[in-house]
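Remarks on the structure that follows.
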Amino acid sequence: MFAFVLSRLLQAVPVMLVVALISFAMFAYVGDPVSIMLGQDFTEAQRDALVRDLGLDQPFFVQFARFVGNAIQGEFGLSYRLSRPVAELIAERAPATLELASCAAAIALFVGVPMGVFTGLYRQSWLSRFFLTFSLIGVSLPTFLIGILLILIFSVWLGWLPSFGRGDTVQIGSWSTGFLTGSGLKALVLPAITLGLFQLTLIMRLVRAEMLEVLRTDYIKFARARGLADRSVNFGHALKNTLVPVITIAGLQFGSIIAFAIVTETVFQWPGMGLLFIQSVGAADIPVMAAYLLLIALVFVTINLVVDLLYYAVDPRLRADRGASARGT
Amino acid sequence: MKRAWMRAGALAALLLGAAVDGAAARTVRWAASGDPNTLDPHSQNVGTVTMVLQQIYEGLVTRNPDLSPAPGLATSWSQEEPTRWRFNLRQGVRFHGGEPFTAEDVVFSVARAQQPTSNFGIFVDTIDRAVAVDERTVDIITKVPDPILPNKIISVYMMSKPWSEANNVARPQNTRAREETHTVRNTNGTGPFRLAAREPDVRTVMARNDAWWGWQQQQQGEGPRGNVTEIVYRPVASDATRIAALLSGEVDFVLDPPLQDLNRLRSASGTKVLEGPEVRSLYIVFDTFRDELLYSDVKGRNPFKDLRVRQALYHAIDIQAIHRTTMRGQSVVTGTLFPEQVNGYVREEDVRLPYDQARARALLAEAGYPNGFSVTLDCSNNRYINDEQICQAITAMWARVGVRTSLKAQPIAPFFAQIQRDDTSVYMLGWGVPTLDALYSFQSLLASRGSAPGDGIWNYGRYSNARMDELIARMKTETGPARQAAVREALKLYREDVPQIPLHHQMIPWAMRSNFTIPHAANNQPYFRWAVMN
Chain U
0 MFAFVLSRLL QAVPVMLVVA LISFAMFAYV GDPVSIMLGQ DFTEAQRDAL VRDLGLDQPF
60 FVQFARFVGN AIQGEFGLSY RLSRPVAELI AERAPATLEL ASCAAAIALF VGVPMGVFTG
120 LYRQSWLSRF FLTFSLIGVS LPTFLIGILL ILIFSVWLGW LPSFGRGDTV QIGSWSTGFL
180 TGSGLKALVL PAITLGLFQL TLIMRLVRAE MLEVLRTDYI KFARARGLAD RSVNFGHALK
240 NTLVPVITIA GLQFGSIIAF AIVTETVFQW PGMGLLFIQS VGAADIPVMA AYLLLIALVF
300 VTINLVVDLL YYAVDPRLRA DRGASARGT
Chain Y
0 MKRAWMRAGA LAALLLGAAV DGAAARTVRW AASGDPNTLD PHSQNVGTVT MVLQQIYEGL
60 VTRNPDLSPA PGLATSWSQE EPTRWRFNLR QGVRFHGGEP FTAEDVVFSV ARAQQPTSNF
120 GIFVDTIDRA VAVDERTVDI ITKVPDPILP NKIISVYMMS KPWSEANNVA RPQNTRAREE
180 THTVRNTNGT GPFRLAAREP DVRTVMARND AWWGWQQQQQ GEGPRGNVTE IVYRPVASDA
240 TRIAALLSGE VDFVLDPPLQ DLNRLRSASG TKVLEGPEVR SLYIVFDTFR DELLYSDVKG
300 RNPFKDLRVR QALYHAIDIQ AIHRTTMRGQ SVVTGTLFPE QVNGYVREED VRLPYDQARA
360 RALLAEAGYP NGFSVTLDCS NNRYINDEQI CQAITAMWAR VGVRTSLKAQ PIAPFFAQIQ
420 RDDTSVYMLG WGVPTLDALY SFQSLLASRG SAPGDGIWNY GRYSNARMDE LIARMKTETG
480 PARQAAVREA LKLYREDVPQ IPLHHQMIPW AMRSNFTIPH AANNQPYFRW AVMN
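Read top to bottom, the protein sequences are chains U and Y.
Quick note: the first sequence uses numbering that gives the first Met the number 0, first residue 0, plus one each step.
Quick note: the second sequence uses numbering that gives the first Met the number 0, first residue 0, plus one each step.
This is the structure we're talking about:
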């Protein structure tokens with residue numbers, strides 16, 4: 000078990016290094032932060048001084064080595080755009096993104112699974128067909144369009160929900176939460192639906208397919224033959240056996256919900272990490288962009304590791320295989 | 000412009016009984032696409048910073064609603080000697096933190112703006128030093144006679160010396176420092192509003208400073224009267240969301256509505272659009288320096304060095320089509336360097352070369368390019384109103400006279416980086432004039448690079464004309480009619496020599512709820528001191 004975790008961790012190191020290298024190399028082409036920092040009026044001397052101070056005159060690999068060295072210590076420097084420490088900026092924005100992502104994931108799971116079960120059980124009903132058509136919309140419409148449509152309907156026409164921002168937040172330690180105020184909860188509804196819709200339809204279709212598969216198996220037939228109640232067969236036996244792949248996919252999707260919150264956050268001016276990233280791109284704010292990409296890579300690596308460990312814990316065959324081969328040698 | 004503030008004034012007068020003395024809380028919720036990067040008044044010279052700071056800070060000289068200079072923290076000023084301006088300070092003014100405003104603060108603030116880490120150098124470039132004569136008088140000594148110093152000093156905001164020193168911000172914020180300085184998120188001005196809350200990129204709240212001297216003057220009937228007690232600024236980057244928020248009544252005022260939504264906002268109930276010209280002009284600029292263009296199939300010579308080629312490309316542009324279609328009528332077509340709000344403007348020189356494809360082809364043939372040539376046009380795609388679409392239109396128009404143009408449109412970050420390396424053959428540039436004086440444009444855009452500090456710093460076509468340099472030198476020192484004669488001649492030279500093709504001045508529409516009134520300002524700055532909320 001320990002060796003397994005260790006090997007996974009060692010695999011993660013080159014992944015992180017490669018991400019760091021790619022993002023760092025990419026930034027050489029996003030533009031010159033110096034011209035943006037200097038504004039409309041400056042002299043050549045001012046410009047040269049700034050380039051020197053930022054270390055931009057150093058060779059590429061010197062800059063990269065310094066970047067990695069600092070990153071290991073959690074030190075990403077000062078944002079070019081906001082003149083504030085990057086780590087602090089990201090820590091400030093993380094709660095917004097994480098709250099939004101967990102709400103989106105919760106919506107996707109708690110709506111997607113029942114819909115999937117329903118469409119799996121009652122394939123012919125008109126409601127199932129409606130759900131399936133609806134899921135096509137969720138899969139095929141781009142996120143920003145869904146966001147704009149929701150804003151048009153619920154903010155502009157009906158006036159029920161705010162079109163942007165996070166509402167009032169409450170500060171608990173270093174964590175700012177929107178869960179504790181009315182306006183915060185209202186502000187969460189539209190972006191969470193927008194962000195979760197794609198995952199919702201994905202989970203629904205996955206559960207449906209798995210249900211159809213499981214319902215055909217012998218043990219379900221046997222359970223029915225034993226005269227068990229429909230409810231107990233459908234939920235106790237069938238659904239339980241569909242959930243393993245669903246949980247895996249949902250876990251992996253959580254990473255992408257965090258990473259792809261960028262579009263949703265831009266549409267709703269949601270003050271999270273994705274919006275910070277987009278604003279930084281506009282200003283060629285390299286320290287923030289690099290830190291964000293590394294963080295997202297870290298999120299994916301961590302989730303993958305957790306999922307691997309879950310497999311190990313959940314699936315007895317994995318353990319048995321290892322045990323057998325160990326004995327064999 | 001004038002009508003706008005008269006309307007504001009009339010409305011304010013109507014509401015006199017109801018709204019004065021801040022008895023009722025009147026909050027304006029305001030949105031625009033960008034957020035200030037810093038709140039340091041001498042660090043970043045960009046519009047998004049100024050739009051917040053000018054509510055909080057003041058200079059010695061300030062502006063009237065028509066943008067002409069008005070007494071600010073100085074009640075009067077005069078040029079005592081060619082190189083000495085005297086400013087008489089307003090008495091009894093206090094900073095938001097309670098510190099009294101003194102002559103020492105002026106000396107300190109001017110010196111702070113002169114620091115190398117300041118981005119406001121162009122406004123203090125002629126200043127040698129400021130001297131406190133006594134408690135209520137300050138002299139500003141200039142290195143050379145500077146006739147437009149009061150115009151320039153408008154942009155230099157006054158800070159409290161004791162406060163700055165106590166908070167270790169005696170110099171403007173510096174990217175060298177590896178820690179955040181106090182002024183990035185804190186302010187202490189003398190202006191009509193004080194900072195109440197600041198969450199970068201999320202929310203900036205400003206509350207009315209009841210002690211501001213200007214409110215009293217408004218009470219006495221000077222100028223338009225404002226009644227706003229609180230400003231909540233929230234950046235909303237997405238155009239569609241910003242407009243949705245205005246339509247749904249979540250914001251009262253949008254500084255930068257997208258052009259395609261204007262008709263909708265005009266016709267929707269509860270919203271209105273205020274339009275006016277902006278002091279920002281767009282040009283096509285040629286590389287007239289290199290012997291061979293970087294991005295062209297003409298080898299061994301530079302076609303843009305030939306006046307006839309520049310004229311031909313000028314004749315080829317159907318500016319009315321751009322005005323009508325690309326800009327949807329929201330532009331002021333021009334043939335000169337800056338709009339009429341800028342001091343020095345000459346109407347007779349505001350004449351374009353007419354749109355004439357036949358003439359363009361003839362000129363190209365005469366210059367030795369009967370079959371045209373190819374060139375790359377560099378352009379930004381997120382800086383000016385419809386910038387990429389304008390360039391697309393020009394690309395097509397030039398192609399029609401045989402100049403095969405490929406368009407390279409990029410976001411401002413890489414675009415500015417590229418043209419600032421002089422790595423371009425022809426590009427489109429937009430240019431605002433914060434001093435509202437002719438010299439600012441001539442000096443930055445048309446002076447030969449490097450002849451004097453600040454000369455030609457945005458002249459990436461490296462245009463150089465000895466006569467133009469001479470005229471610019473005269474503008475720097477001369478006053479009165481002699482100076483205007485130099486400006487007039489320089490504008491004539493600009494028109495005849497075609498170092499650039501002027502396109503248009505931008506129009507800036509502001510969108511707002513019907514119950515909100517604010518005078519439109521050509522520098523695209525909302526002055527909430529004159530705003531009225533019903």
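No residue lacks a Cβ here, since even glycine has one placed at the ideal position from N, Cα and C.
Three-state secondary structure assigned by DSSP to residue 269/U: Position 270 of the first sequence, counted from the first residue, corresponds to residue 269/U. Three-state result, residue 269/U: coil.
Check whether residue 137/Y and residue 131/Y have beta carbons under 8 angstroms apart: Start at 1 with the first residue of the second sequence, and residue 137/Y comes out as number 138. Start at 1 with the first residue of the second sequence, and residue 131/Y comes out as number 132. Yes; because the gap between Cβ atoms is below 8 angstroms, this pair is in contact.
DSSP three-state assignment for residue 503/Y, whether helix, strand or coil: Mapped onto the second sequence, residue 503/Y falls at position 504. Here residue 503/Y sits in strand by DSSP.
Sequence ranges, beta strand (DSSP E) only - wholly within the region 170 to 204 of chain Y, length at least 3: 192 to 198
Cross-chain neighbours of residue 179/Y in chain U, by beta carbon under 7 angstroms: Walking along the second sequence from the start, residue 179/Y turns up at place 180. 82, 83 and 84, listed in chain order.
Residue 146/U classed as buried or exposed, judged by whether at least 16 other C-beta atoms fall within 10 angstroms: On the first sequence, residue 146/U is found 147 positions in, with the first residue counted as 1. Classification of residue 146/U: buried, given that the 10 Å Cβ count is 16 or more.
Under 8 angstroms by beta carbon: chain U residues contacting residue 270/Y: Against the second sequence, residue 270/Y aligns to sequence position 271. Chain U residues near residue 270/Y: none, gap ~11 angstroms exceeds 8 angstroms.
Min CB distance residue 172/U to chain Y below 8 angstroms: For the purposes of this step, residue 172/U is taken as the residue at position 173 of the first sequence. No - not a single Cβ of chain Y is within 8 angstroms of the one on residue 172/U.
Residue 79/U classed as buried or exposed, judged by whether at least 16 other C-beta atoms fall within 10 angstroms: On the first sequence, residue 79/U is found 80 positions in, with the first residue counted as 1. Residue 79/U comes out buried.
Terminal residues of the beta strand (DSSP E) in which residue 24/Y lies: As a working note, residue 24/Y is residue 25 in the second sequence. Careful: residue 24/Y lies outside any beta strand (DSSP E) and carries neither H nor E.
Listed by chain order, chain U residues near residue 537/Y by CB distance under 8 angstroms: Outside the shown range of chain Y (0 to 533) lies residue 537/Y, about which nothing can therefore be said.
Nearest candidate by alpha-carbon position, reference residue 437/Y, set 86/Y, 59/Y and 151/Y: Position 438 of the second sequence, counted from the first residue, corresponds to residue 437/Y. The shortest Cα separation from residue 437/Y among 86/Y, 59/Y and 151/Y belongs to 151/Y.
Other residues of its chain near residue 442/Y: CB distance less than 7 angstroms, five sequence neighbours each side excluded: Taking the second sequence and counting its residues from 1, the one referred to as residue 442/Y is at position 443. The answer, listed in chain order, is 453, 454 and 471.
Beta-carbon proximity list for residue 258/Y, same chain, < 8 angstroms, skipping 5 on both sides: Against the second sequence, residue 258/Y aligns to sequence position 259. If we look at residue 258/Y and ignore the five residues flanking it on each side, its Cβ neighbours are 326, 327, 329, 384, 385 and 508.
Residue 264/U, buried or exposed, once every other Cβ within 10 Å from all chains shown has been counted against 16: To locate residue 264/U, count along the first sequence from 1; it is residue 265. Buried, since its Cβ has 16 or more Cβ neighbours within 10 Å.
Interface flag, residue 279/U vs chain Y, CB-CB below 8 angstroms: Position 280 of the first sequence, counting from 1, holds the residue named residue 279/U. No, residue 279/U does not count as interfacial toward chain Y.
Nearest residue (CA-CA) to residue 402/Y, options 439/Y, 359/Y and 489/Y: Mapped onto the second sequence, residue 402/Y falls at position 403. That would be 359/Y, whose Cα lies nearest to the Cα of residue 402/Y.
C-beta neighbour in chain C for residue 379/Y, strict 8 angstroms: Although the question refers to chain C, the structure presented lacks it and instead comprises the protein chains U and Y.
Sub-8 angstroms separation of residue 138/U and residue 75/U beta-carbons: Counted from its first residue, the first sequence places residue 138/U at position 139. Counted from its first residue, the first sequence places residue 75/U at position 76. No, the Cβ-Cβ distance between residue 138/U and residue 75/U is not below 8 angstroms.
Between the CA atoms of residue 414/Y and residue 399/Y - distance to the nearest angstrom: On the second sequence, position 400 is the one that residue 399/Y refers to. On the second sequence, position 415 is the one that residue 414/Y refers to. Taking the straight line joining both Cα atoms gives about 26 angstroms.
Residue burial classification, residue 20/Y (beta-carbon count within 10 angstroms, cutoff 16): Residue 20/Y sits at position 21 when you count from the first residue of the second sequence. Because residue 20/Y carries a pLDDT of 44, less than 50, the predicted location of this residue cannot be relied on, and the following value inherits that uncertainty. Its Cβ having fewer than 16 others within 10 Å, residue 20/Y is exposed.
Any C-beta of chain Y under 8 angstroms from that of residue 62/U: For this step, residue 62/U is matched to residue 63 along the first sequence. Not closer than 8 angstroms to any Cβ of chain Y, the Cβ of residue 62/U fails to qualify, so no.
Beta-bridge pairing of residue 133/Y - partner residues as DSSP gives them: Taking the second sequence and counting its residues from 1, one reaches residue 133/Y at position 134. Looking at the DSSP assignment, residue 133/Y forms a beta bridge with 136/Y.
Candidates 187/Y, 307/Y and 83/Y, of which the one nearest residue 369/Y by Cα: By one-based count along the second sequence, residue 369/Y stands at place 370. Here the closest residue by C-alpha is 307/Y.
Three-state secondary structure (DSSP) of residue 366/Y: On the second sequence, residue 366/Y is found 367 positions in, with the first residue counted as 1. Of the three classes helix, strand and coil, the one that applies to residue 366/Y here is coil, per DSSP.
Paired residues, beta bridge with residue 342/Y - DSSP: In the second sequence, residue 342/Y corresponds to position 343, counting from 1. Beta-bridge pairing links residue 342/Y to 436/Y.
For residue 249/Y, the three-state DSSP class (helix, strand or coil): Translated into positions along the second sequence, residue 249/Y becomes position 250. Note: residue 249/Y maps to coil in three-state DSSP.
Beta carbon proximity, residue 183/Y to chain U, threshold 8 angstroms: In the second sequence, residue 183/Y corresponds to position 184, counting from 1. It does; some Cβ of chain U falls within 8 angstroms.
Rounded separation between residue 32/Y and residue 96/U - CA only: As a working mapping, residue 32/Y is identified with position 33 in the second sequence. As a working mapping, residue 96/U is identified with position 97 in the first sequence. Rounded to whole angstroms, residue 32/Y to residue 96/U spans 20 angstroms at the Cα level.
Distance between beta carbons of residue 151/U and residue 102/Y, contact taken as under 8 angstroms: Within the second sequence, the letter at position 103 stands for residue 102/Y. Within the first sequence, the letter at position 152 stands for residue 151/U. Not quite, the Cβ-Cβ distance comes to about 57 angstroms (not below 8 angstroms), so this is no contact.
Neighbour flag for residue 438/Y against chain U, beta carbons, 8 angstroms: By one-based count along the second sequence, residue 438/Y stands at place 439. Chain U contact via Cβ: absent.
Chain U residues whose Cβ lies nearer than 7 angstroms to that of residue 246/Y: Counting from 1 along the second sequence, the entry for residue 246/Y is found at position 247. Residues of chain U passing the Cβ test: 155.
Element boundaries [alpha helix (DSSP H), containing residue 117/U]: Numbered from 1 along the first sequence, position 118 holds the residue referred to as residue 117/U. It spans 85 to 120 - the alpha helix (DSSP H) in which residue 117/U sits, taken as one unbroken run.
Same chain only: Cβ atoms within 8 angstroms of residue 265/Y, ignoring 5 sequence neighbours per side: Here residue 265/Y refers to the residue found at position 266 of the second sequence. Only 271 and 272 meet the Cβ criterion.
Residues near residue 448/Y in its chain [Cβ-Cβ closer than 8 angstroms; skip 5 each side]: Here the question's residue 448/Y lines up with position 449 in the second sequence. Only 454, 455, 456, 458, 461 and 463 meet the Cβ criterion.
Min CB distance residue 71/U to chain Y below 8 angstroms: Here the question's residue 71/U lines up with position 72 in the first sequence. Closer than 8 angstroms: no.
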